[in-house]
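What follows is a single structure, written as structure tokens, with notes after it.
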Amino acid sequence: MSHILDRLNFLAKKNTGTFAGGHGVTTSENRDWEDAYRKRWQHD
């Protein structure tokens, strides 16, 4: 069921702002997974 909801939310607008003259966007998405990914490879 979560996969179906993820697919529906994929097209939803997530932008909350822009920067660099519209070339970059900011979102309100949770980015905790990035910290977990960095910690996984921290020993290198």
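Heads up: the sequence shown begins at 343 in our numbering, then just goes up one per residue. A virtual CB, placed ideally from N, CA and C, is assigned to each residue, including glycine.
Contacting residues, own chain, Cβ-Cβ under 8 Å from residue i (five flanking each side not counted)
i	result
asparagine 357	Val367, Thr368 and Thr369
glycine 359	Val367 and Thr368
Those residues which DSSP pairs with residue i across a bridge
i	result
glycine 366	Phe361
7 Å CB neighbourhood of residue i in its chain, flanking five on each side removed
i	result
glutamate 371	Lys356
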